[in-house]
Amino acid sequence: MQIDLKKFQETFFEEAAEHLSTMESGLLHLEESGSDNEFLNTIFRAAHSIKGAAGSFDFKEIVRLTHVMENVLDKLRSNLLAPTADLTQILLRASDRLREVVDATHRGEAGSVPIDDILPELEAVLNGGQPSEAPVADAAAPPGVPRGEVVYAVVFEPELEFFRQGQDLFLLLRELGELGEILSSECQRSRLPALDELDPEHCYLGWKVRVRTARAAQELRDVFMFVEGACRLEVTAEAVTAAPEASAAGAVRTERRAAADRRVESTSIRVSTEKVDGLINLVGELVISQAMVNQAVAALAMTPELEEALMVVQRSTRELQEQVMAIRMLPIGTVFNRFPRLVHDLTVKLGKRARLDIEGAETELDKSVIEQLGDPLTHLIRNSIDHGIEDPEQRALAGKPEEGVITLRAYHEGGTVVIEVADDGKGLDRERIRAKALAQGLIRADQPMTDEEVNGLIFAAGFSTAAVVSDVSGRGVGMDVVKRNVESLNGAISVHSTPGKGSRIRIRLPLTLAILDGLSVQLGRDTFIVPLLSIRQSVRPEPSDIKTVLGGRGEVFVLRGEPLPLVRLSRLFGVAGAVEDPQQGIVVVTENDGHRFGVLVDDVLGQLQVVVKSIERNYRKVEAVMGATILGDGRVAFIVDVAELHRVATRRKSPEEDGRSADGAAAAPLQEEVA
Amino acid sequence: MNDIPVQDVRSEDEGRRQFLTFTLGGEEYGVEILRVQEIKGFSAVTPIPNAPDYVKGVMNLRGTVVPVFDLRLKFGMERKDYDRFTVIVVVNVGARVVGLIVDSVSDVLDVEHDDLETSPDLGASVDTSILQGIARNNDRLITLLDIDRVVGEPRASVELAA
Amino acid sequence: MAEVVREPIRAEAAGALRILHLEGQVTVASARRLLEVARRLGKDGREVSVRCEHLTHIDCAGVQVLLALHETLRGQGARLRLQNLPESVQQTLRVAGLADAW
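Chains as they are written, first to last, in this note's numbering: chain A, 18 to 692; chain B, 798 to 959; chain C, 13 to 114.
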């Protein structure tokens, strides 16, 4: 068969892209890691792999550039050069250029991207850092670097429901093959049922694939990154083979790494999130049943033995619950780690100088919360660099260090996690914010506002979309979206700012989405749960506390002289048989985003911890409701979404003021407005 | 080599399917038995805020929150108080689990392909898209429901209710 | 006679031989149809030749059905053969360890 060079070239470009990413992320950590050899080796190997493969396709420019980069890296490795900020910059520029050259070559336009300007820079570094001239090796000659390869056994067992992932698992296997050489692939067919019993949407096959590769075990695992919840995956090192040219030291190093991989393998197991969630559910049910037992037994004559036994059960149940929840916890560093590059790139692009300080990366949060934090944090950091941090000249004039500092911080506070994005830039321009809000009709000219309230305007819907659109932030995605993201995680966001000193965005999040502390309230014959995080207090109102406004169309609750909008939950939810006279009920004072409002319910039943269940899974989104839970008596109760409740209540009021004639939406049932 | 239609390769018993039959206001209906997860006696449900009237609420099915639809109201029939014969037929619709309130459950019916009238003409006023067909069994007429269309996508059911 | 759009998955008989045509992409989306056809062929118990020259891709859901049909046929002394496999499909089967399963 004729050898198709094109196909191999394609593989080269794919691999080059990966090596470039490895190189890039390595270079970004260069300064902090100093001349850590293992680290430099990774970068060096990436450059070297590109050079080697480029040589066999005769991509001359790629070879020339990687060759010089390799030499610089080699000097770093031998401590003949120090990893300074300038050097890092040059190497990053070189790797960016390399990417361009590779891309151009891929397009068939080799030679279109010049490298004659970057080469002298690199060579200057080489000569400056190394007075005693060392012979430069021939570009095409294989240098004597250790290239250890490891044979991994990859066991991949998709779950029955795997196809729902929408991922073609054959393509995953092919991807795996592209990371190295597949020595054998064994398909496990024992689960495959007879034709008559086969469900075409179920997955019955499993694989054991042996791959020989120079990659780390993690890179093999990453192939299955998007399906990790739907399969069992095991990657174990079988044997270490040293390539013929590998030095003894290299082989030892590789072996040690493989051994380390093996060690990690034996102390942790991979479990699908589905199984963990099942466990969490079950423990939730156990907590409920335990509470029921306590209730039932309270009516009996207790013996000391029974009392003690019950206490032990209660304590163990709580501990069990905490332990199970801990399984889902991940350090927040997994999302923080992507931001150094963002800060680096943006500051360079905008001609600013700033560094990112990360604190509390080890703070643990529920996996599902962490997964949804990436976008809002990215936006906040972009904002800080774009609008917060000043140009170096301006900073110098203001008597600040030229390099700005952006701090990304996480810590525990009570039962919540606080994440802060702070900068030491110029702070919010409250005059401009006011003017813009006024122009957009968000506020009235004569409206008295505190500084905090003005700051809060940046979260108003549509506020930032009309802002000056810069290249970096403000592409339509505004702070209102960030706010909504945070709220969908049952969190709260606020901003503090001092002119000239900087701004600080504070996000408060629950540790987990699976369990929630709530207040159970009565409404007619139904029970609802209000999240404790958003409750300030509960009050039984006096007749003088309730006032109507706008000719009876609106109601306010006066709390110590301050009028708060009053929401009658029974009317909003259409619950029959609820208390009509506010004095017969209780006003729960809730707070959302600095705005407080009263929620009228029949009665407050008590505080409890509930397991949050999805309604959407079998039904659909219900407006102003964030989920459901199962009560101690087995009945379902809905959990109120306070932020959405506030939005709905204010939205519904305004058309009513126009006598319901403004548009038909005012009369439409709630759920049809839900996206 | 002759092209022959695939149907010709088909064996005899392929045309038979089983349906769970139940009554609604004196009429008999059927859903494919493969879609039925379980049958439960009626017990109290928690009403869903601002839901259409045929959505009676949600129930707790071993820790999962499952919506319950009243098929009488769904089909625009007269409301009927729930009694000891009232049952909830729990069915699978795609990945979703849904409860259907019916007057009572009758039996399981084997429907031969030949017993099936696929396109009954019930006049323009009846939406026949939710039907799989009508089965004749001695002197009984059983309306076979296409459960996917009856329950449908959440949004679609809003439109149907309107 | 009106022109008929051909089913991408279809079976035909040529004497004692059954021919299964697979065209385009056979994936989880068409696996139900494939299963339906495969069950009939399984009951028939004749030798099945799968013509793959117009097959661009087959995923795990599709291959599973073919494997199950193969097993069923073997129980009846017949077999299933994949024919005219395009290189890309062959490569996929090799990676999946199924190139020699037939």
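The beta carbon of each residue, even a glycine, is placed where N, CA and C say it ideally should be.
Owing to the predicted nature of the structure, the values given are computational and were not obtained by experimental measurement.
Among C:Asp-71, C:Arg-91 and C:Arg-86, which has the Cα closest to the Cα of Ser-42 (chain C)? With distances taken between Cα atoms, Ser-42 (chain C) lies closest to C:Asp-71.
Quick one: using the 10 Å Cβ neighbour count with 16 as the cut-off for buried, is Ile-286 (chain A) buried or exposed? Exposed, by the Cβ-count rule.
Just the Cα atoms here: how many angstroms apart are Glu-419 (chain A) and Ala-141 (chain A)? In this structure, the alpha-carbon of Glu-419 (chain A) lies about 27 Å from that of Ala-141 (chain A).
Using a Cβ-Cβ distance cut-off of 8 Å, determine whether Lys-292 (chain A) contacts chain B. Cβ-Cβ to chain B under 8 Å: no for Lys-292 (chain A).
Measuring only the C-alpha atoms, how far is Arg-426 (chain A) from Phe-74 (chain A)? Answer to the nearest angstrom: the Cα atoms are 47 Å apart.
Using a C-beta cutoff of 8 Å, does Leu-200 (chain A) count as contacting chain C? Closer than 8 Å: no.
Any Cβ of chain C within less than 8 Å of the Cβ of Leu-190 (chain A)? Yes - at least one Cβ of chain C is within 8 Å of the one on Leu-190 (chain A).
Let me make sure I understand the geometry here. Which of A:Gly-442, A:Glu-469 and A:Val-435 has the alpha-carbon closest to that of Arg-451 (chain A)? Nearest option by C-alpha distance: A:Glu-469.
Terminal residues of the continuous alpha helix (DSSP H) containing Pro-527 (chain A)? Pro-527 (chain A) -> not in any alpha helix (DSSP H); beta strand (DSSP E) instead, spanning 519 to 527.
With a floor of 3 residues, list each beta strand (DSSP E) that falls wholly inside the stretch 42 to 94 of chain C, ordered by position along the chain. If we require 3 residues or more, the beta strand (DSSP E) runs fully inside the stretch 42 to 94 of chain C come out as 60 to 70.
Comparing alpha-carbon positions, which option in B:Leu-868, B:Gly-823 and B:Gly-838 lies nearest Ile-927 (chain B)? It is B:Leu-868.
Span of the beta strand (DSSP E), counted from its first residue to its last, around Thr-607 (chain A): Its beta strand (DSSP E) spans residues 603 to 609.
Burial state of Gly-602 (chain A) (16 or more Cβ within 10 Å): Result: buried.
Quick check on Val-485 (chain A): does DSSP put it in helix, strand or coil? With a pLDDT of only 44 at Val-485 (chain A), under 50, the local geometry of the prediction cannot be trusted, and no value is derived from it.
Please report the straight-line C-alpha distance between Val-499 (chain A) and Val-244 (chain A), rounded to a whole angstrom. Within the model, the alpha-carbon separation for Val-499 (chain A) versus Val-244 (chain A) is close to 27 Å.
Is it buried or exposed, Thr-940 (chain B), if we count other Cβ atoms within 10 angstroms and call 16 or more buried? It counts as buried.
Limits of the alpha helix (DSSP H) - the one that Glu-388 (chain A) falls within: Under the DSSP assignment, Glu-388 (chain A) falls in the alpha helix (DSSP H) whose first and last residues are 384 to 388.
According to DSSP, what are the bridge partners of Pro-864 (chain B)? DSSP lists B:Val-855 as partners of Pro-864 (chain B).
Counting only Cβ-Cβ distances shorter than 8 Å, please list the residues of the stretch 639 to 659 of chain A near chain B, keeping chain order. Against chain B - using a Cβ distance shorter than 8 Å - the residues of the stretch 639 to 659 of chain A are Val-639, Glu-640, Ala-641, Val-642, Ala-645, Ile-647, Gly-651, Arg-652, Val-653, Ala-654 and Phe-655.
Could you check what DSSP says for Thr-104 (chain C) in three-state terms: helix, strand or coil? Helix at Thr-104 (chain C).
Span of the alpha helix (DSSP H) around Gly-473 (chain A): That run of the alpha helix (DSSP H) goes 468 to 473.
At a Cβ threshold of 8 Å, is Asp-185 (chain A) touching chain C? At least one chain C Cβ lies under 8 Å of Asp-185 (chain A).
Could you tell me the distance, in whole angstroms, from the CA atom of Ile-132 (chain A) to the CA atom of His-396 (chain A)? For the pair Ile-132 (chain A) and His-396 (chain A), the Cα-to-Cα distance works out to about 34 Å.
Is DSSP giving Ser-631 (chain A) helix, strand or coil here? Under the three-state reduction of DSSP output, Ser-631 (chain A) falls in the coil class, being neither helix nor strand.
Per-residue DSSP class, three states only, for Gln-184 (chain A): Coil.
Buried or exposed for Ser-202 (chain A), going by 16 or more other Cβ atoms inside 10 Å? Ser-202 (chain A) comes out buried.
Reference Val-899 (chain B), options B:Asp-850, B:Asn-857 and B:Glu-824, closest by Cα: The shortest CA-to-CA distance from Val-899 (chain B) to any of B:Asp-850, B:Asn-857 and B:Glu-824 is the one to B:Glu-824.
Am I right that Val-621 (chain A) and Ser-555 (chain A) are in contact with their C-beta atoms under 8 Å? What's the rounded C-beta distance? So it is a contact: roughly 5 Å between Cβ atoms.
Which ranges would you report for the alpha helix (DSSP H) in the stretch 287 to 351 of chain A if only whole runs of at least 4 residues count? Those alpha helix (DSSP H) runs which fall completely within the stretch 287 to 351 of chain A and span 4+ residues are 290 to 315 and 321 to 344.
Cutting at 8 Å between CB atoms, please list the residues of its own chain near Leu-196 (chain A), excluding the five before and the five after it. Once the five neighbours on either side are set aside, the close Cβ partners of Leu-196 (chain A) are Val-228, Thr-230, Arg-232, Glu-236, Leu-237 and Val-240.
If you measure from the beta carbon of Ile-845 (chain B) to each beta carbon in chain A, is any gap under 8 Å? Taking Cβ atoms only, chain A reaches closer than 8 Å to Ile-845 (chain B), which makes this a yes.
Quick check on Asp-113 (chain A) - is its C-beta less than 8 Å from some C-beta in chain C? Output row for Asp-113 (chain A): interface = no.
What does the alpha-carbon distance come out to for the pair Gly-827 (chain B) and Asp-216 (chain A)? One C-alpha to the other measures close to 23 Å.
Arg-613 (chain A) - containing beta strand (DSSP E), residue span: 612 to 618 is the span of the beta strand (DSSP E), which, as asked, contains Arg-613 (chain A).
For the stretch 875 to 899 of chain B, enumerate the residues whose C-beta is nearer than 7 Å to any C-beta of chain A, in chain order. Answer set for the stretch 875 to 899 of chain B: Arg-893, Val-894 and Val-895.
Within its chain, find whatever has a CB closer than 6 Å to the CB of Arg-116 (chain A); leave out the 5 residues flanking it on each side and keep chain order. Answer for Arg-116 (chain A): Leu-37, listed in chain order.
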